[in-house]
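A.B. asks: I am attaching a structure below and will ask some questions about it afterwards.
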Amino acid sequence: MLAPQPAAARPVAPAAGLSSPLLAVNNIEVRYQGSILVLKNVSLTVNRGEIVALLGSNGAGKTTTLKSISSLIQDEEGRVSEGQILFEDQAVHNHDPVATVRRGLVQVMEGRRVLEHLSVEQNLIVASAPIRSASRAQLRESLDQVYGIFPILAEFRQRESGYLSGGQQQMLVIGRALMAKPRLLLLDEPSLGLSPLLVSRIFESIAQINRELGTSILLVEQNARVALGVAARGYVLENGRIVMEGSRDELLGNDDLREFYLGMSADGRRKSFKDVKQYRRRRRWLG
Ligand SMILES: Nc1ncnc2c1ncn2[C@@H]1O[C@H](COP(=O)(O)OP(=O)(O)OP(=O)(O)O)[C@@H](O)[C@H]1O
Ligand SMILES: [Mg+2]
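For what it's worth, my numbering labels the leading residue of the sequence shown as 53, then goes sequentially.
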């Protein structure tokens, strides 16, 4: 009779895809033009189904982090010079950005770039190009999914997108990203330049995308308050380094973050701009 093999002696199936994070950024260093060092030792993870916030003030390196993950830094002669970025356990740093989109990793760029002379629906259809194998029925289904999240886009589907308001254009760029069926969406400052009402509308949609489509999201924001309204965890980036990380409650309870990024003093009262002198330039945090 064969003795049962001890568990440790059995070949262990790789845990790929289950226990490992969906995205793992491991100690990356990023340079532009081969010399300008912008990110140093940046590590972060996004698990399946999570919304994670990446917070930081102007020039901290938030956009560079997202573009390193999507490989779009290459357009600006940027390169991951140390460390690695794993998406579903595969290295994706310094890769072909279109192949990265096909893998299910899609970035929404800062600044709402729509194809202004095309209609809303044409913008959405063009954005599905990276997944060319989509049939007409799949295309229809993707459009309906986007229109389900953003009903105003369905109403304006024939409208030239250059005539949309800022908030509607933000919805359209997120909708365009959804057409590529992402498993991980990288969102760069979706609140930028929008009224508080529109910001809350956009963030409701971000939560809905996560909940209903199961899309994981890495959300870059200067507006820590709105970001931590939807994200369960977050990281704070300063001068190209991660200086703080934690759960929503840990971050919201941290005095430094409260004081300097949310404009609240330790006793929970709103701080005035005058009290936060050395951080006055970070006005956008305090909105
Ligand atoms: N193409 C580039 N070439 C050289 N340096 C760059 C380039 N793009 C960005 N940088 C520099 O890298 C640093 C980080 O910029 P990045 O755009 O990543 O910051 P950010 O956190 O997104 O800022 P913001 O909140 O203003 O969007 C800045 O010092 C910036 O000047
Ligand atoms: Mg940026």
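From the three backbone atoms N, C-alpha and C, an ideal C-beta is built for every residue, glycine too.
Quick caveat, the model's predicted, so the values are computed rather than measured.
Rounding to the nearest angstrom, what Cα-Cα distance links S194 and D307 in this structure?
C.D. replies: Going by C-alpha positions, S194 is about 43 Å away from D307.
A.B. asks: Between E290 and ligand 2, is there a pair consisting of the residue's CB and a ligand heavy atom that are separated by less than 7 Å?
C.D. replies: Checking the 7 Å criterion, the Cβ of E290 is out of range of every heavy atom belonging to ligand 2.
A.B. asks: Quick check on the contact list: which residues have their beta carbon closer than 5 Å to a heavy atom of ligand 1?
C.D. replies: For ligand 1, the selected residues are Y84, I88, V90, N110, G111, A112, G113, K114, T115, T116, E128.
A.B. asks: Using only the heavy atoms of ligand 2, determine whether one of them is closer than 7 Å to the beta carbon of E273.
C.D. replies: In this structure, ligand 2 has no non-hydrogen atom nearer than 7 Å to the beta-carbon of E273.
A.B. asks: Can you check whether the CB of D148 is closer than 8 Å to the CB of S123?
C.D. replies: yes
A.B. asks: Expressed to the nearest angstrom, what Euclidean distance is found between the alpha-carbon atoms of R293 and I226?
C.D. replies: 27 Å
A.B. asks: Spatial neighbours of T152 within its chain, please: C-beta separation below 7 Å, excluding the five flanking residues on both sides.
C.D. replies: S122, S123, V144.
A.B. asks: Assuming contact is defined by CB atoms lying nearer than 8 Å, are G286 and L246 in contact in what I supplied?
C.D. replies: Their beta carbons are not under 8 Å apart, which means G286 does not touch L246 by this criterion.
A.B. asks: Please state whether the Cβ-Cβ distance between I201 and A232 is less than 8 Å.
C.D. replies: No.
A.B. asks: May I ask whether a heavy atom of ligand 2 can be found less than 7 Å away from the beta carbon of E162?
C.D. replies: yes
A.B. asks: Please report the distance separating the alpha-carbon of V282 from that of T116.
C.D. replies: Taking the Cα positions, V282 is about 22 Å away from T116.
A.B. asks: Of the residues V90, D196, S95, which one's Cα is nearest the Cα of G111?
C.D. replies: V90
A.B. asks: Quick one: does the C-beta of E168 sit closer than 7 Å to a heavy atom of ligand 3?
C.D. replies: Annotation note on ligand 3: not contained in the displayed structure, which lists ligand 1 and ligand 2 as its ligands.
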